[in-house]
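Residue numbers (my numbering): 2 to 213.
Right under this line is the structure:
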C-alpha cells in the first residue's frame, strides 16, 4: 500500500482558475470511464494518480481465483483512505510522491454522493490545492456497457442509486453554469469522448507531452 509523508501545513490559498489545476478529481457513475481517463495520462511526466485499479490489479494477479466482488469493499475502503490522506497532506505532497516528484494529482472518485464530494473538495481548497472536478458524462447504456467490458458489474440496485444521484448532480451543474454561479473549485461536465483532452488542458499540456 502506498504511504505518504505528511508535510507541514500549507498556507491556505484561494482557487486560481487562471493557473493549471494541481488536483483533478475525476468523477462519474461506475462504468463511465474514470479509470480509462486517468490511465491515459497517469504515466506522463509530472503526473501522479490514485485509482482503485492500482490496488485491484496486484490482488487479482496474486489471487486470480478470487472473484473481485469478494474484495471490492476492501479496495474501496483503502482507496478512500488514500484519497483523503493525499488531500489532507496538501500540495506539498507532490514533491515527495513515491517514485517521482509530480506537479498534479489525479483522483478517482465517483462523486455522486453530494456530501462526500463537497467535503472532499472543500478540504482540498482549505489545504491549499487548486482543484478541478472533472465529471465524465456517460449515458446509462454506456456506463453499463463499460462495467461489462471491465468484468465488474455493479449490483443493479446500487447502480440505480448511483444513477439517480448522478442525474441530480448533472442537472444541478447545468443550472449552475447557466446561472453563472461560482464555486471555490473548477467543475467541468464533459462527455466521455472529450474527457481526455479536457483533462490534458486542465493540468497543462506541457507536462503531458509523453502521453500524447
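For glycine and all other residues, C-beta sits at the position ideal for the given N, C-alpha and C.
Runs of the beta strand (DSSP E) spanning 3 or more residues and lying entirely within the stretch 11-71 occur at 24-28, 48-51, in chain order. Proximity to residue 192 across 140, 155, 146 peaks at 140, based on C-alpha coordinates. In the DSSP assignment, the residues bridged to residue 109 are 27. If you look at residue 201, you'll find it in the alpha helix (DSSP H) that goes 196-204. Per DSSP, residue 94 lies in no beta strand (DSSP E) segment and is marked neither H nor E.
Taken through DSSP and simplified to helix, strand or coil, residue 132 comes out as strand. Listed as beta-bridge partners of residue 192 by DSSP are 138. Annotation for residue 126: the continuous alpha helix (DSSP H) segment containing it runs 115-127. Residue 24 and residue 185 do not touch by the CB rule: their CB atoms are close to 12 Å apart, not below 8 Å.
Between the alpha carbons of residue 98 and residue 62 lies a gap of roughly 25 Å.
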